[in-house]
Amino acid sequence: MMEVKHLSLAYGKHVLCSDISFHIGKGECLLLAGPNGCGKSTLLKTLATERRILIPTNIPKVKGFTVEEFVRTGCFQESNWAGRLNAESERRLQGALDLLGLRAQARQDISTLSDGEFQKACIAVSLTRRADILLLDEPTAFLDVGNRIMVLKTLREIARKTGMGILFSSHDLHDSLSAAHRILAFTPDGRFLESTKENRLDVLQAAFPEWKDTLYSAKA
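Below is the structure:
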């Protein structure tokens, strides 16, 4: 579904990693991990295209828009002069509301949503577009435990139900492991590793060697 080979990643003149190779299969949800400043956000921005959608962070909850109106902004380019969508775009819009469990809140003002529900609405905006891959940079940052788990479960469900590939970064390793099929990780010595389903914790240990005991406690 997406394959990257021997990508060199730099920030200005500073090379972050000189050999990045990985693949994302259909319906896979992958965690991108690594210490601060290693290049996670830069990689996600580099991968973004029209069909690989990077979901923006820090979107404000502007009072005066319903959830459906907010989600509808994702396909505004497909609307006609009267602001109406064609049947296919409308189907994707309504499908995104259903898939994200936002049907009951469709007429609710977005300013009244919890942070977790609003994050789901932001994901729904991206689902209205014709994407193959969803890219998310710290989608659970600043969420409480309940909302964090809800968003992570949602990502896994989107991958399973739509066949889309999902790549998300996070420092919340324990909860993220429950959502991720596999792991991509930057290591302190400048390597980039791709796990299988079986060696996810080994890859995380290589990225965070000081967390060995903590990481392996998640296996129990």
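According to my numbering, the sequence shown is numbered sequentially starting from 893. Cβ coordinates follow ideal geometry from the N, Cα and C atoms, glycine included. Every value quoted in this text rests on a predicted model; they were computed, and no experiment measured them.
Measuring straight from C-alpha to C-alpha, what distance separates residue i and residue j?
{"i": "residue 933", "j": "residue 1030", "result": "9 Å"}
{"i": "residue 902", "j": "residue 930", "result": "10 Å"}
{"i": "residue 1054", "j": "residue 947", "result": "17 Å"}
{"i": "residue 1112", "j": "residue 1102", "result": "In this prediction, residue 1112 scores a pLDDT of 42, lower than 50, which makes its location untrustworthy; no coordinate-derived value is stated."}
{"i": "residue 996", "j": "residue 897", "result": "43 Å"}
{"i": "residue 938", "j": "residue 976", "result": "33 Å"}
Under 8 Å, do residue i and residue j count as touching if we go by C-beta distance?
{"i": "residue 959", "j": "residue 998", "result": "yes"}
{"i": "residue 1051", "j": "residue 1079", "result": "no"}
{"i": "residue 1114", "j": "residue 1012", "result": "Because the chain spans 893 through 1112 in this model, residue 1114 falls outside it and cannot be assessed."}
{"i": "residue 987", "j": "residue 1042", "result": "no"}
{"i": "residue 1015", "j": "residue 992", "result": "yes"}
{"i": "residue 1070", "j": "residue 1028", "result": "no"}
{"i": "residue 1040", "j": "residue 1081", "result": "no"}
{"i": "residue 912", "j": "residue 936", "result": "no"}
{"i": "residue 1022", "j": "residue 943", "result": "yes"}
{"i": "residue 963", "j": "residue 1032", "result": "no"}
{"i": "residue 894", "j": "residue 1057", "result": "yes"}
Assuming residue i contacts residue j (C-beta within less than 8 Å), just tell me the rounded distance between them.
{"i": "residue 922", "j": "residue 1073", "result": "7 Å"}
{"i": "residue 965", "j": "residue 1017", "result": "6 Å"}
{"i": "residue 1077", "j": "residue 1065", "result": "With 8 Å as the limit, residue 1077 and residue 1065 do not qualify as a contact, their Cβ atoms being about 10 Å apart."}
Exercise. Should the region 916-929 be called in touch with the region 1002-1011, which here means at least 3 C-beta pairs below 8 Å?
Worked result: Using a C-beta cut-off of 8 Å, the region 916-929 makes no contact with the region 1002-1011, since fewer than three inter-stretch Cβ pairs fall below that distance.
For this session: Would you list, in sequence order, the uninterrupted beta strand (DSSP E) runs of no fewer than 3 residues that lie entirely inside the region 1035-1081?
Result: Runs of beta strand (DSSP E) with 3 or more residues, each lying fully within the region 1035-1081, are found at 1057-1061 and 1074-1078, listed in chain order.
For this session: With a floor of 4 residues, list each alpha helix (DSSP H) that falls wholly inside the region 897-971, ordered by position along the chain.
Result: Within the region 897-971, the complete alpha helix (DSSP H) runs of at least 4 residues are 932-939 and 959-964.
For this session: At 3 residues or longer, and completely inside the region 982-1025: list those beta strand (DSSP E) runs for me, N to C.
Result: The DSSP assignment places no complete run of the beta strand (DSSP E) inside the region 982-1025 (cut-off: 3 residues).
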